[in-house]
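First comes the structure, then the notes that go with it.
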Amino acid sequence: MVRADLSYLRVESGHHLEQKARAFSAGTPTQQLSHVLARQRPVAHPISSLPPELLSLVFLHCLPSCQQLSLSTAPLLLTRICGGWRLIALRTPELWSTVFLELFALPVDRFEPKLRMLEYWLARSAAHSLSLYFHVRQPIPDAVPLLTAHAPRWRDVDLFLHRKTLAGFSSPDQQLPLLRRLSLACLPASEDDPHPEHWVTAFGDAPALVEVSLRRLAPKHVVLPWAQLTTFSVQCNDPGDALRVLLLAPGLETFSLDLTRSAEPTSALAELEPLVHDALRSLTLAVHPAAAPALPTHALLAPLTLPALRTLALPPLGPADVTPLHAFFARSASARTLTHLSAPLAPLAPHALVPLFAPLRALEDLALQYPTADAVLDLLAALHAAAEPAFLPCLHTLVLECARGGVPYAALLAGLQARSAAAPRRVVALRAFELSVMAPTPHEAGADAAYLLPLQTLKAQGMKLLVSHVYQASVV
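Last residue of the sequence shown: 480 in the working numbering, with the numbers rising by one and none dropped.
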């Protein structure tokens, strides 16, 4: 926070005002006129007394979160207030170090003024490192040399471009010494390209790059310094090409794969050899519903062994996934490493969930979507059971979202009381529980009102407890 000494600003007392009035009435007409004119002069705002280096800091705190190239927002707005502010703004490169340009509906013939403004903006940033957000869906090849001229200063880059524009980033000798985060998105999707060769080659020489996101763009179309990456996210249609990234990036810690509706079936994984990745700590898998029948979850997990995995988010689990998922947990030693797990559920065989999750002794956070009424009852009964070893002894957060059925109040109360802070300490106390159900509606659940008071007591004791009906108000 910028502070300044403004103690010299005082409110004049009545005594001082009386003295000035007597002096005014005793003066000559010329003196009286001079006095009136002097009082009409504009008084400088206190902020104008700040030295330029402090005022530039104030300007930096006035920047919007998304700095669009607009005359109505900072920093361009600051150059229009007065000559002094304009000079300070133009001499503060950090004000211009974030470039945000998004053109989706603008006609192509109106791009030229925007490019001139972009050129002016980049020039004002001088030698400061750059954060670049540039989303233009129409072909705009003239922007490529304008941007790459400042490539050595790129720090964070987010590009969503037409394929013809993105193909312009093909200089293999482009040096990017400061680049740490890169996001590339392509329109139309890159899988429509008849040439499978690398055609985005400008990002291979980036010694500081650790985080990459590719949207609608296959990894095989991009040259990257794979070995140094720690975070990678991709949306594409080829699961085999995406999973091969784990071979190219042995230091990867976070990996997210989103397979599109045109994703290739499991035959695309046939040539992928078993893959052991010792560094991966977080894995997120998502499959478009249209592609899910041909790409079951167990097919994506089959080649993988991830002994360091702590966080796992899966596509919908069906009956055919239960046994392969259990095998994945076993070969990855997930019992001692996995702490966070989330997945939507298709209807499973009776009593399938508890044996599947029971080995996960380190699991702290479990989130399931669309569990059946029987699955909810099984999980709550397992929480309450006195069997040894205890079920999920480290669990402190349980979320059951959009459960098929009503609220099983008796089982819910028994399970939560067994895992409350007042329970014996053979397990970790459950700190947060959330259950949302599709039926019955709140006015149909009056017979269960007797359970609400003890549940609300658990909430008052510190448990973050939410029981609600989908699309309606919460019950607890």
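Idealized CB from N, CA, C, for every residue including glycine.
In whole angstroms, what separates the C-alpha of residue i from that of residue j?
| i | j | result |
| --- | --- | --- |
| Leu110 | Phe138 | 14 angstroms |
| Arg248 | Ser174 | 23 angstroms |
| Ala334 | Gly466 | 35 angstroms |
| Arg365 | Pro397 | 6 angstroms |
| Leu316 | Val148 | 38 angstroms |
| Leu416 | Ala324 | 29 angstroms |
| Ser101 | Leu82 | 15 angstroms |
| Ser346 | His292 | 17 angstroms |
| Pro254 | Glu275 | 20 angstroms |
| Val226 | Ala303 | 25 angstroms |
| Pro176 | His281 | 29 angstroms |
| Val161 | Ala453 | 55 angstroms |
| Phe361 | Leu456 | 29 angstroms |
| Leu250 | Ser135 | 28 angstroms |
| Pro79 | Phe164 | 24 angstroms |
| Pro458 | Leu289 | 39 angstroms |
| Trp203 | Thr301 | 31 angstroms |
| Thr169 | Leu313 | 38 angstroms |
| Pro278 | Thr309 | 8 angstroms |
| Arg430 | Pro223 | 47 angstroms |
| Trp230 | Leu383 | 41 angstroms |
| Ala127 | His65 | 21 angstroms |
| Ala356 | Pro320 | 15 angstroms |
| Trp89 | Asp146 | 32 angstroms |
| Cys190 | Thr77 | 29 angstroms |
| Leu182 | His154 | 11 angstroms |
| Arg408 | Ala377 | 6 angstroms |
Does DSSP put residue i in a helix, in a strand, or in coil?
| i | result |
| --- | --- |
| Tyr137 | strand |
| Arg159 | strand |
| Gln178 | coil |
| Ser101 | coil |
| Asp146 | coil |
| Ser217 | strand |
| His388 | helix |
| Val474 | coil |
| Ala290 | strand |
| Val249 | helix |
| His330 | helix |
| Ala407 | strand |
| Thr234 | coil |
| Ser53 | helix |
| Val432 | coil |
Would you give the residue range spanned by the alpha helix (DSSP H) that residue i belongs to?
| i | result |
| --- | --- |
| Pro458 | 456-464 |
| Val62 | 56-65 |
| Pro348 | Per DSSP, Pro348 belongs to no alpha helix (DSSP H); it is in the beta strand (DSSP E), 344-348. |
| Ala414 | 413-422 |
| Glu123 | 115-128 |
| Phe361 | 357-361 |
| Ala317 | No alpha helix (DSSP H) contains Ala317, which is instead part of the beta strand (DSSP E) from 315-317. |
| Ser338 | 338-341 |
| Thr169 | 167-170 |
Is residue i near residue j, with beta carbons less than 9 angstroms apart?
| i | j | result |
| --- | --- | --- |
| Ala212 | Arg167 | no |
| Met442 | Val403 | no |
| Gln178 | Ala206 | yes |
| Thr461 | Ala436 | no |
| Ser129 | Pro156 | no |
| Ala379 | Leu352 | yes |
| Val112 | Ile144 | yes |
| Ser440 | Val480 | no |
| Ala337 | Tyr374 | no |
| Arg219 | Ser266 | no |
| Gly208 | Leu228 | yes |
| Leu284 | Pro307 | no |
| Leu256 | Ala210 | no |
| Arg348 | Leu318 | The amino acid occupying residue 348 in the given sequence is Pro; Arg does not appear at that position. Yes; because the gap between Cβ atoms is below 9 angstroms, this pair is in contact. |
| Glu106 | Leu150 | no |
| Ala385 | Pro363 | no |
| Ala414 | Ser424 | no |
Taking residue i and residue j to be in contact with their CB atoms under 8 angstroms, please state how far apart those CB atoms are, rounded to whole angstroms.
| i | j | result |
| --- | --- | --- |
| Ser286 | Thr258 | 4 angstroms |
| Cys240 | Leu221 | 7 angstroms |
| Leu399 | Leu367 | 6 angstroms |
| Phe63 | Ile92 | 7 angstroms |
| Leu67 | Leu99 | 7 angstroms |
Say yes only if the C-beta of residue i is nearer than 8 angstroms to one or more non-hydrogen atoms of the ligand MN, and no if none qualify.
| i | result |
| --- | --- |
| His330 | As presented, the structure is devoid of all ligands, the ligand MN included, so that no description of it is given. |
The beta strand (DSSP E) spanning residue i covers which residue range?
| i | result |
| --- | --- |
| Leu439 | 436-441 |
| Asp369 | 369-373 |
| Thr376 | From DSSP, Thr376 is part of no beta strand (DSSP E); its letter is neither H nor E. |
| Arg90 | Looking at the DSSP string, Arg90 is not in any beta strand (DSSP E); the run it does join, the alpha helix (DSSP H), is 87-94. |
| Leu191 | 185-191 |
| Thr258 | 258-263 |
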